[in-house]
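Numbering-wise, the sequence shown is residues 1 to 343 according to full-length UniProt numbering. All C-beta atoms, glycine included, are put in the ideal place defined by N, C-alpha and C. This structure is a prediction, so every number in the text was calculated from the model and none was measured. Have a look at the structure below, then the notes.
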Amino acid sequence: MFTTIFLEADIMTNITRFRTLWGIPPGANFATWRGLFPELKAKGYTGVEIDYRAVKTEDLPGLRKLLEDNGLQLIAQIMSSWPGYEGPRPPGLTPKDHLDFYRKQLERAQVLNPVKVNAQSGSDIWTPDESVEFYQGTFKIDDELGFNGRVTHETHRNRSLYHPYVAKYVLDRVPNLRITADISHWVVVGERLLDVSEEDRDLLEKVIPHVHHIHARIGTTQSSQCPDPSNPVYTEEREFFERLWIKIVQNAIKTQMKITATLCLVVSYVGLATAATGCQVELLNINQAVVGSGCVPFNYYASIRDSTRGAGYTVNANNNCGLSFSGSQKIPDGYSLRRVGYC
């Protein structure tokens, strides 16, 4: 449900747009993805981010060819244990056990030649030093398998980097660790926005240089995903995440670092319980400019389909306020577009 941000500033930093296939199974002989990939390419995506654990090893060359035929790059999503979080968490797994499984996942990823690997790695039941042991061990595997500098480890619940201060402990001892920042997890774990107290602000400043990939999801102190960030109720949350992302991309500009970031639009229909019910949102284009230390102006162009009715139309939402429609198709009868935001 994510797409990727482009940023232009005094120093050009390319943030390529990838579409996650989270929740979209490949189908028999990749039938679903085979139909989807040309659409994503036509919409301007550089590639896709895939958790491909359901794909058999012998079918991986076919997936790579499908990606290449459509001109799409890949960000591979892997886990160092408990793939898909299916069933109970396997008991008694040590850092060595995770490293062994991590190696096997990267060996599978070699077949696909991803431009980046996003790893949900480690375990929240370990001591911080066990997490340090694990992450230090990943570098040898990365080097041996040709993934040096291509793996980022996600700040994800259930994993070693689930908590901001545990993550700081790890990063202080593994300074070359690259991370995927999905800070919505930290906000819900800590039950607070992380730029209110001085200690939290200092922590984020130390974490930002490690961020090479962003999952730009807006969460709340009680949920990892805000249902509608454009609702004034969530103004504090939205502004916190925007400030954080600005700092991350400003650091990327300063250090001439290339990063990726994923962004999700939420569309709420009057008459639908949630944005996820019966509608699918695709981001066609985002242009984002950082102007000094001020706000980030956004221009969104979203193609929206109501899958329950088959209708489609295009919405242009400028700076997240004000809506206009283009195209010949109209909103389904009985529904009205209420707001567009990002999650």
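Residue closest to Arg64, alpha-carbon to alpha-carbon, out of Ser160, Trp33 and Gly190: Trp33
Do Tyr234 and Ile214 have their C-beta atoms within less than 9 Å of each other? no
Starting from Leu74 and walking both ways along the beta strand (DSSP E), at which residues does that stretch end? Gln73 to Met79
For Leu63 and chain C, any beta-carbon pair shorter than 9 Å? No chain C is part of this structure, which consists of one protein chain only.
Please say whether Thr221 and Val174 have beta carbons closer to each other than 9 Å? no
For the segment 95-163, list the beta strand (DSSP E) runs that are entirely contained and at least 3 residues long, ordered along the chain. 116-120 and 151-154
Should Asn118 go down as buried or exposed, given a rule of 16 or more other Cβ atoms within 10 Å for buried? buried
Less than 9 Å between the beta carbons of Leu72 and Val55, yes or no? no
To test your reading of the DSSP string, which unbroken alpha helix (DSSP H) runs of 4 or more residues are found completely within the segment 13-95? 31-42 and 60-69
Since Ile15 contacts Ala261 with CB under 8 Å, what's their CB separation in whole angstroms? 5 Å
Please state whether the Cβ-Cβ distance between Ile179 and Leu193 is less than 9 Å. no
Helix, strand or coil, according to DSSP, for Cys343 in the structure here? Low per-residue confidence applies at Cys343: pLDDT is 29, beneath 50, and the placement is therefore not dependable, though the value from the model is reported in the following sentence. The answer is coil: DSSP assigns Cys343 none of H, G, I, E or B.
Would you give the residue range spanned by the alpha helix (DSSP H) that Thr235 belongs to? Thr235 to Thr255
Residues near Val291 in its chain [Cβ-Cβ closer than 6 Å; skip 5 each side]: No answer about Val291 holds up, because its pLDDT of 25 lies below 50 and its placement is not dependable.
According to DSSP, which residues form a beta bridge with Ala181? Ile214
Following the continuous alpha helix (DSSP H) through Leu204, name the residue where it begins and the one where it ends. Glu198 to Val207
Cβ neighbour criterion (16 or more within 10 Å) applied to Ala317: At Ala317 the pLDDT is 34, less than 50, meaning the model places this residue with poor confidence and gives no usable figure here.
Residues bridged to Ala261 (per DSSP): Ile214
What do you reckon, are the CB atoms on Gln110 and Ile78 nearer than 9 Å? no
Cα-Cα separation between Arg157 and Arg89, rounded to whole angstroms: 13 Å
Kindly confirm or deny that the segment 205-214 and the segment 162-172 touch, where touching means at least three C-beta pairs closer than 8 Å. yes
Pick from Leu40, Arg243, Leu74 and Gly146 that is closest to Arg201, judged by C-alpha positions: Arg243
Residues of its chain near Ile141, where Cβ-Cβ distance is below 7 Å and the 5 sequence neighbours each way are ignored: Leu99, Tyr102, Arg103 and Leu106
What is the rounded straight-line gap between the Cα of Gly122 and the Cα of Asn29? 32 Å
Looking at Lys116: is its Cβ nearer than 9 Å to the Cβ of Ala167? no
Collapsed DSSP secondary structure at Leu171 in the structure displayed: helix
DSSP three-state label for Pro232, please. helix
Can you have a look at Glu154 and say buried or exposed, based on whether 16 or more other CB atoms are within 10 angstroms of its CB? buried
Helix, strand or coil: how does DSSP classify Gly190 here? helix
Going by other Cβ atoms of all chains shown within 10 Å of its Cβ, with 16 needed for buried, is Trp245 buried or exposed? buried
Classify Ile259 as buried or exposed, calling it buried when 16 or more other Cβ atoms lie within 10 Å of its own Cβ. buried
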